[in-house]
Amino acid sequence: MFSYNSIQNYHTNLLNGRTTCVEAVEYYLQKISVSAHLNVWLEVFADEALEKALQLDLLREMGHPLGKLHGVVIGIKDVICYKDHKLSASSKILENFTSVYSATATQKILDEGAIIVGRQNCDEFAMGSSNENSAYGAVKNAIDEERVPGGSSGGSAVAVQAGMCMISLGSDTGGSVRQPADFCGIVGFKPSYGTISRYGLIAYASSFDQIGILACCVEDVQTVLKVIAGQDEFDSTVFQNYLLKEPIGTQENKYRFCYFSNALEHSSLDPQIASSIQQFIESLKVEGHTVAPVEFDLLDYIVPAYYVLTTAEASSNLSRYDGIKYGARSTQNTEDITTLYKQTRSKAFGPEVKRRILLGTFVLSAGYFDAYFTKAQQVRKLLTLKTQELFKDFDAIILPTVPTPAFKLGEKKNDPIEMFLADIYTVYANLVGIPGISIPLFNTKEGLPFGLQLMTSQQNDLLLLRLSNLLTKLSGRQPA
Ligand code: GLN
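Quick note on numbering: the sequence shown equals residues 7 to 486 in this note's numbering.
Written out as structure tokens, the structure reads:
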């Protein structure tokens, strides 16, 4: 019987003849079919995946060296282009749209032998925190099917959680990889802004967006990151000459952590989450690490700045969906093009996307630009400066990932402000461009998982992964 715990182990098993890529793909297709009610997949590439597995098995038997992701079964969030495959962003406006090229990240995983098994459900245009904003219905959390999986990469998180693929690629503009990973009890990693090319990633808010990795262990995240990171002639925001910096060990590997004291005392934070993290901090101190509280006086400005800036960028990015260039077009009879735009966009965008386009247009409008957009940019600058100062004294920041564990489907649907506020701990990393990860260290007494969020300074992604390994070991938790 096929079982999986890491890419490295899987490769050892392949080389020893204990399993084959075909066996792996058949195993995952079976899991996908019994879990269809979770609504994770918008499309499964079953035949293609099996065919590729067969080819890989043959190549291996002929003695070809293994690609770094040889036979690794990967699902991709439906905002990442895969040439000649459909791409919808879980929106009706892209219904029947087919990618004409592959994202750089997609191409890189394919070049290393990955098998892409399907495209995953998400919030429409990656806007949301519960996956309830998908035009193709909500995704259910496999631990408790009455609960949300988080969002916007909800399908990607449940796919890993419920063992329907080895790895998922998601996107994280304000927490969309880390938050669903937290709700589903898996690892979710967002790299530094500029680490992975955004070429072929559908844009939500371009100065925030990054492709992220969802996996069952930190080791797998590192393997995939090393494949997909790096310069790309199609995305000038990727760090030039950026090599993932190998972290330098500190003396006896003792590190300096800080946490935001006002975040851990925040009224919105579930007391079980607060106390688990406090206890964990104490155990870090016992191990000889430094953990210091920092009063982060800009905390309350983080969510407003994020929603002003991302909606502004979204209103501009989404103007391209006009019924002419891409996807769906209104079939109502009309004489003029403006009416055609209006009809198409009114009909084919969902309510959350419309809300954000309207908000973004408002904050960019002549009368309000300085009051909102400029102000929010100033907040972003202050946050960045403050963060740079912090990393002079500390190696990493500890925060909760989300203030509460997974909530019930429908519970927050009618309260957008409450939904927005719950992004308080994740959007910070995107505002300042640093890497962040959610590692599944805890459970509530009701058995719901939640994670610890860790962040390091920009371009220190590998240090972040090393620390995540260290903390996972310390917690005594086996990778899921
Ligand atoms: N929940 C956040 C939002 O709705 C984050 C989304 C994301 O990271 N794509 O904007």
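Cβ coordinates follow ideal geometry from the N, Cα and C atoms, glycine included.
Small disclaimer: the values here were computed from a predicted structure and weren't measured.
Tell me, please, which residues DSSP counts as bridged to residue i.
{"i": "M172", "result": "In the DSSP output, where bridge partners are listed per residue, M172 has none listed."}
{"i": "G134", "result": "G134 pairs with nothing; no bridge assigned."}
{"i": "P186", "result": "Per DSSP, none; premise fails for P186."}
{"i": "T296", "result": "R262"}
{"i": "K414", "result": "R153"}
{"i": "S177", "result": "I217"}
{"i": "T345", "result": "None; T345 has no bridge partner."}
{"i": "S444", "result": "G194, Q459"}
{"i": "G143", "result": "DSSP lists no partner for G143."}
{"i": "A402", "result": "F263"}
{"i": "A235", "result": "I202"}
{"i": "R125", "result": "E49, I82"}
{"i": "N449", "result": "P455"}
{"i": "L207", "result": "I86"}
For a quick check, are the C-beta atoms of residue i and residue j less than 7 Å apart?
{"i": "A168", "j": "L220", "result": "no"}
{"i": "G181", "j": "S159", "result": "no"}
{"i": "Q126", "j": "V46", "result": "yes"}
{"i": "Y378", "j": "V369", "result": "yes"}
{"i": "D178", "j": "S203", "result": "no"}
{"i": "A412", "j": "L454", "result": "yes"}
{"i": "A59", "j": "C87", "result": "no"}
{"i": "A382", "j": "A428", "result": "no"}
{"i": "L458", "j": "A402", "result": "no"}
{"i": "T229", "j": "I445", "result": "no"}
{"i": "C222", "j": "V166", "result": "yes"}
{"i": "M172", "j": "V359", "result": "no"}
{"i": "T317", "j": "R362", "result": "yes"}
{"i": "E152", "j": "K414", "result": "yes"}
{"i": "P441", "j": "D467", "result": "yes"}
{"i": "V314", "j": "F426", "result": "no"}
{"i": "Q185", "j": "T462", "result": "no"}
{"i": "A354", "j": "A334", "result": "yes"}
{"i": "L469", "j": "I443", "result": "no"}
{"i": "M170", "j": "I38", "result": "yes"}
Got a sec: does the ligand GLN put a non-hydrogen atom nearer than 6 Å to the Cβ of residue i?
{"i": "A132", "result": "yes"}
{"i": "S182", "result": "yes"}
{"i": "S108", "result": "no"}
{"i": "S94", "result": "no"}
{"i": "S158", "result": "yes"}
{"i": "T243", "result": "no"}
{"i": "D429", "result": "yes"}
{"i": "S281", "result": "no"}
{"i": "T179", "result": "yes"}
{"i": "S135", "result": "yes"}
Assuming the contact rule is C-beta atoms closer than 8 Å, residue i and residue j should be a hit. Round their C-beta distance to whole Å, please.
{"i": "V471", "j": "V244", "result": "Just to set this straight, residue 471 is Leu in the shown sequence, not Val. With 8 Å as the limit, L471 and V244 do not qualify as a contact, their Cβ atoms being about 19 Å apart."}
{"i": "L304", "j": "A269", "result": "So it is not a contact: roughly 11 Å between Cβ atoms."}
{"i": "I234", "j": "I208", "result": "Wrong, their Cβ atoms sit about 17 Å apart, outside the cutoff."}
{"i": "S321", "j": "T367", "result": "5 Å"}
{"i": "K89", "j": "F103", "result": "Not a contact, Cβ separation roughly 13 Å."}
{"i": "D238", "j": "Y205", "result": "6 Å"}
{"i": "C264", "j": "F400", "result": "4 Å"}
{"i": "V123", "j": "A55", "result": "5 Å"}
{"i": "N139", "j": "V154", "result": "Not confirmed; about 11 Å, so no contact."}
{"i": "D84", "j": "L48", "result": "5 Å"}
{"i": "S135", "j": "G156", "result": "6 Å"}
{"i": "G191", "j": "I149", "result": "7 Å"}
{"i": "G356", "j": "A141", "result": "6 Å"}
{"i": "H17", "j": "L72", "result": "6 Å"}
{"i": "A30", "j": "F8", "result": "6 Å"}
Is residue i close to chain C, meaning its C-beta is less than 7 Å from at least one C-beta of that chain?
{"i": "K92", "result": "Annotation note: the requested chain C is absent from the structure, which comprises a single protein chain."}
The region 107-118 contacting the region 144-151, beta-carbon criterion three pairs below 8 Å: no
Sufficient close CB pairs (3 or more, under 8 Å) joining the region 192-201 to the region 96-114: The region 192-201 is not in contact with the region 96-114.
At least 3 beta-carbon pairs within less than 8 Å: the region 402-410 vs the region 272-285: yes
Cβ contact (3+ pairs, closer than 8 Å) linking the region 290-297 and the region 332-351: Put simply, the region 290-297 does not touch the region 332-351. Fewer than three CB pairs are less than 8 Å apart.
Cβ pair count under 8 Å reaching 3, the region 429-437 against the region 279-288: In the pairwise beta carbon analysis, the region 429-437 is classified as not touching the region 279-288: fewer than three pairs are separated by under 8 Å.
Three CB pairs or more closer than 8 Å across the region 69-81 and the region 14-28: yes
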